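See structure below.
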Amino acid sequence: SGAFTRSRYAAFLYLNDNFDGGLLQFPSQDISIKPEVGMLAAFDGGFNNMHEVTLIESGVRYTIGSFWDDREESEYPQELRDAWAEEMKETRAKQEVERAEWQKLLKEGYKIDQEGNKYKVNE
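What follows is the structure in structure tokens.
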């Protein structure tokens, strides 16, 4: 995906730590980080500093992730910019379908929990 090309920097803010697993790992440097509430992990992103997150064994891990780049868009080849535009178009179309589904459920008196289960809202 073209998105990785544009991730010069990455950061994760950890909102909780009452879960098992979910370690932030950098395999090529043999580094493993256990998240703590309020911790911000910021690092060089992209293909040169690949990271992974281990499987959540129990609980739910809440994290805010951010990926950004300080280069001007014009510094990238037009072909890549076109691919990003198409990727964004597809993402926005999927988001619109989800939004419409959520609106329909809400009008019918339902919500969806963290695990994706539909439940009736008490009135």
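Count the sequence shown with the working numbering and you get residues 364 to 486, in order.
Every residue gets a Cβ at the ideal spot worked out from N, C-alpha and C, and that includes glycine.
All values reported here derive from a predicted model rather than from experimental measurement.
Q: Decide if F375 is buried, meaning its Cβ has at least 16 other Cβ atoms within 10 Å, or exposed.
A: When all chains shown are included, F375 counts as buried.
Q: Give the C-beta separation of E420 and G479 to the nearest angstrom, bearing in mind that I take them to be a contact with Cβ-Cβ under 8 Å.
A: E420 to G479, Cβ: 19 Å. No contact.
Q) So what does DSSP say about V460, is it helix, strand or coil? A) In the structure shown, V460 adopts helical secondary structure according to DSSP, grouped into three states.
Q. Given a threshold of 16 other Cβ atoms within 10 Å of its Cβ, counted over all protein chains shown, does Y377 qualify as buried or as exposed?
A. Y377 counts as buried, since no fewer than 16 other beta carbons sit within 10 angstroms of its beta carbon.
Q) Taking D407 as the reference, which of S370, Q388, Q477, E459 has the closest Cα? A) For the residues S370, Q388, Q477, E459, the minimum Cα distance to D407 belongs to S370.
Q: Run through the region 407 to 485 for me and flag every whole beta strand (DSSP E) of 3 or more residues, listed as ranges in chain order.
A: For the region 407 to 485, whole beta strand (DSSP E) runs of length 3 or above, ordered along the chain, are 419 to 421, 426 to 431, 473 to 475, 481 to 483.
(Q) For P440, count the other beta carbons within 10 Å of its own beta carbon; 16 or more makes it buried, fewer makes it exposed. Which is it? (A) Around the Cβ of P440, a 10 Å sphere holds fewer than 16 other Cβ atoms; the residue is exposed.
Q | Exposure of P390, with buried meaning 16 or more beta-carbon neighbours within 10 Å | A | Label assigned to P390: exposed.
Q: Would you mind sorting L387 into buried or exposed? The rule is 16 or more other CB atoms within 10 Å of its CB.
A: It counts as buried.
Q) For G384, which residues does DSSP report across the bridge? A) Its beta-bridge partners are I419.
Q: Could you check the C-alpha separation between K467 and M451 for me, to the nearest Å?
A: Using only the alpha carbons, I get a separation of about 24 Å.
Q: Give the secondary structure of S504 by DSSP, where H, G and I count as helix, E and B as strand, and everything else as coil.
A: Residue 504 lies beyond the residue range present for the chain, which begins at 364 and ends at 486; the question has no answer from this structure.
Q: State the DSSP-derived secondary structure class of L378, mapped to helix, strand or coil.
A: Residue state, collapsed to three classes: coil.
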